[in-house]
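Written out below as structure tokens is the structure these notes cover.
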Amino acid sequence: MKRGLRIATYNLAGLGGRGGGSEAERVRAFRAMLARLDADVLCLQEVDAQNIGTRHHPLRRLNVLEPLLADSPYADFHRSHSQHRDRDGALDIHNLVILSRWPMLQARQIWHELVPPPRHVPLHVAGHAGNTAVEAQPRRWDRPLLYAQIDLCVAGHGPGDSLHVFNAHLRAPLAAHLEGQKLSTGVWRSTAAWAEGFYLAALQRNGQALEMRLAVDRLLSTEPDARVIVCGDLNADLNEMPVRLLCASETDTGNPALAGRALHAVDRALVSTSSEGCDVASRADERHYMLDHVLASKSLAAACTRVWMPVGEPAWPSDHPPLLAVFEI
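Residue numbers are given in our numbering: position 155 of the sequence shown equals residue 240, and the series is strictly consecutive.
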């Protein structure tokens with residue numbers, strides 16, 4: 086694979102009409118960036134779905150992707166996306182998508198499969214602040230994780246060689262909804278209620294990260310040398326809890342025997358500051374605050390030769406720049 090294995094993650098916030106400008110302008114801008122990425126495996130987040138059913142029997146499809154991918158190499162890629170828990174079709178908003186140049190041996194979503202919804206007793210209920218008689222409520226993740234096993238044999242590798250990809254969009258660090266605790270949109274009744282909402286958001290975000298960490302551990306238990314990629318909008322910088330939880334570095338576990346289970350943030354080392362894509366070395370503390378990451382298992386991280394992000398360019402129509410990692414395997 087002379088050109089290397091190119092894996093990219095891109096949050097498409099704005100594709101469904103939330104980014105300003107006309108739909109044609111947004112699609113044109115996204116298509117141009119996708120062409121620059123020239124990815125073999127592309128993980129997308131925040132892909133909104135369109136209802137092709139009725140109001141009472143909705144059926145949502147990702148029709149918004151068709152003009153984005155049409156007449157491009159991605160149009161023929163193998164595809165998997167997140168699904169609604171309670172009915173056929175995609176989620177209303179914020180779907181996850183994995184596109185692959187090569188066939189997927191399996192693809193599925195993980196949603197409270199390994200971690201049950203944590204239960205929380207609301208401390209602030211309208212008219213009943215601090216009422217311990219209020220029942221505990223489950224706090225479910227807003228969206229699933231998306232997993233795919235990609236067959237690398239077609240790419241010229243040996244029989245049984247594959248790539249395991251986890252695509253994630255973790256909960257944003259914004260206070261979760263509490264019934265009756267806002268005066269208006271974005272305006273809380275009290276700092277205490279806001280703090281509880283913020284805590285619940287962190288609980289859900291870290292819970293998603295925990296479930297993905299457990300999924301990676303389960304995979305590595307059966308295939309210790311597996312090539313694993315975890316990427317997406319993790320809504321956390323490198324030193325924040327969700328990323329540390331996912332990486333499970335030897336520094337945190339304190340056990341060298343667990344080093345083979347650690348994930349490594351390949352975007353820690355290299356980042357591009359040129360619109361032409363010329364990579365330069367950069368220390369993590371010199372970069373902008375980053376929410377999107379590519380984490381790789383040990384052997385795969387060692388094969389990473391390039392990480393690219395269009396720093397310094399307008400992010401429009403998304404508020405997230407894409408991130409590309411290249412691996413020589």
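Ideal Cβ positions, reconstructed from N, Cα and C, are used throughout, including at glycine. Note that this is a predicted model, so its numbers are computed, not measured.
Unbroken beta strand (DSSP E) run spanning residue i, endpoints
{"i": "ASP318", "result": "312-318"}
{"i": "ALA260", "result": "Taken as a continuous stretch (DSSP letters only), ALA260 belongs to no beta strand (DSSP E), as it is neither H nor E."}
{"i": "LEU380", "result": "377-382"}
{"i": "ARG193", "result": "189-195"}
Exposure label - residue i; buried when at least 16 CB within 10 Å
{"i": "GLU220", "result": "exposed"}
{"i": "HIS262", "result": "exposed"}
{"i": "TRP273", "result": "buried"}
{"i": "GLU281", "result": "buried"}
{"i": "ASN324", "result": "exposed"}
{"i": "THR94", "result": "buried"}
{"i": "LEU153", "result": "buried"}
{"i": "SER360", "result": "Here SER360 scores only 43 on pLDDT, less than 50, and its place in the model is too uncertain to base an answer on."}
{"i": "ARG346", "result": "buried"}
{"i": "MET394", "result": "buried"}
{"i": "ASP171", "result": "exposed"}
{"i": "VAL126", "result": "buried"}
{"i": "ASN252", "result": "buried"}
{"i": "SER157", "result": "exposed"}
{"i": "GLY99", "result": "buried"}
{"i": "PRO39", "result": "With the chain covering 86 to 414 only, the question about residue 39 has no answer from this structure."}
{"i": "LEU147", "result": "buried"}
DSSP bridge partner residues for residue i (one or two, in chain order)
{"i": "ASN96", "result": "GLN130"}
{"i": "GLY339", "result": "Answer by DSSP bridge pairing: none, since GLY339 is not bridged."}
{"i": "CYS389", "result": "PHE412"}
{"i": "SER269", "result": "VAL272"}
{"i": "PRO223", "result": "ARG204"}
{"i": "PHE251", "result": "TYR232 and VAL315"}
{"i": "VAL182", "result": "LEU129 and HIS166"}
{"i": "HIS349", "result": "ALA381"}
{"i": "LEU90", "result": "PHE412"}
{"i": "GLY174", "result": "ARG145"}
Extent of the continuous alpha helix (DSSP H) run through residue i
{"i": "LEU122", "result": "108-122"}
DSSP state of residue i mapped onto helix, strand, coil
{"i": "LEU199", "result": "coil"}
{"i": "LEU237", "result": "coil"}
{"i": "LEU331", "result": "helix"}
{"i": "MET326", "result": "helix"}
{"i": "ALA344", "result": "helix"}
Contact test: residue i Cβ vs the ligand NAP heavy atom, cutoff 8 angstroms
{"i": "THR139", "result": "Annotation note on the ligand NAP: not contained in the displayed structure, which lists no ligands."}
Runs of beta strand (DSSP E) lying entirely within the stretch 124-169, each at least 3 residues, in chain order:
Here the runs fully enclosed are 126-132 and 163-166.
Quick check on the DSSP output: what are the complete alpha helix (DSSP H) runs of length 4 or more inside the stretch 271-309, in order along the chain?
Complete alpha helix (DSSP H) runs here, min 4: 276-307.
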